[in-house]
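Colleague: Residue numbers (our numbering): 1298 to 1385. Glycine is no exception: its CB is placed at the ideal position from the N, C-alpha and C atoms. Computed from a predicted structure; not experimentally measured.
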Amino acid sequence: MAKRRKGPGSNGADDHPDARTCHWPGCERQIPPHYWACAEHWAALPKRLRDRVARAYRPGQEIDKQPSREYIRTAQEVHHWMVEHDIR
Ligand SMILES: [Zn+2]
1298 MAKRRKGPGS
1308 NGADDHPDAR
1318 TCHWPGCERQ
1328 IPPHYWACAE
1338 HWAALPKRLR
1348 DRVARAYRPG
1358 QEIDKQPSRE
1368 YIRTAQEVHH
1378 WMVEHDIR
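#1: Would you say His1382 touches ligand 1, meaning its beta carbon is less than 8 Å from a heavy atom?
#2: Measure the C-alpha to C-alpha separation of Gly1309 and Pro1329 and round it to an integer number of angstroms.
#3: Could you pull the DSSP bridge partners for Thr1371 from this structure?
#4: Would you say the beta carbon of Ala1267 is closer than 8 Å to some non-hydrogen atom of ligand 1?
#5: Taking Arg1385 as the reference, give the member of His1338, Asp1315 and Tyr1332 with the closest Cα.
Here's what the structure looks like:
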């Protein structure tokens, strides 16, 4: 279980305790830990990649930090796709 930490200056409005940022390069939107990207960028991925990410995802991997090999491979594919499309 992740510990909720509130630093000074955090108003903690409605941020998820484990929130992290979108994987999309340069995007700093906060997303729940089991999401790959924010809604906008998730929609920007080709469906075949979204399907693969969704399939490879194992519930709880963001907690124990042990994504499956398939998930890692898929993440690399997404990365290649971004490089091909010059997404930075
Ligand atoms: Zn994003």
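Modeller: By the coordinates alone:
#1: no
#2: Caution is warranted here: a pLDDT of 42 is assigned to Gly1309, below 50, making its placement in the model unreliable, and the coordinate value is therefore given only provisionally. Cα to Cα, the separation comes out at about 15 Å.
#3: Looking at the DSSP assignment, Thr1371 forms no beta bridge with any residue, so it has no partner.
#4: An answer regarding residue 1267 cannot be provided, because it is not within the stretch 1298 to 1385 covered by the chain.
#5: His1338
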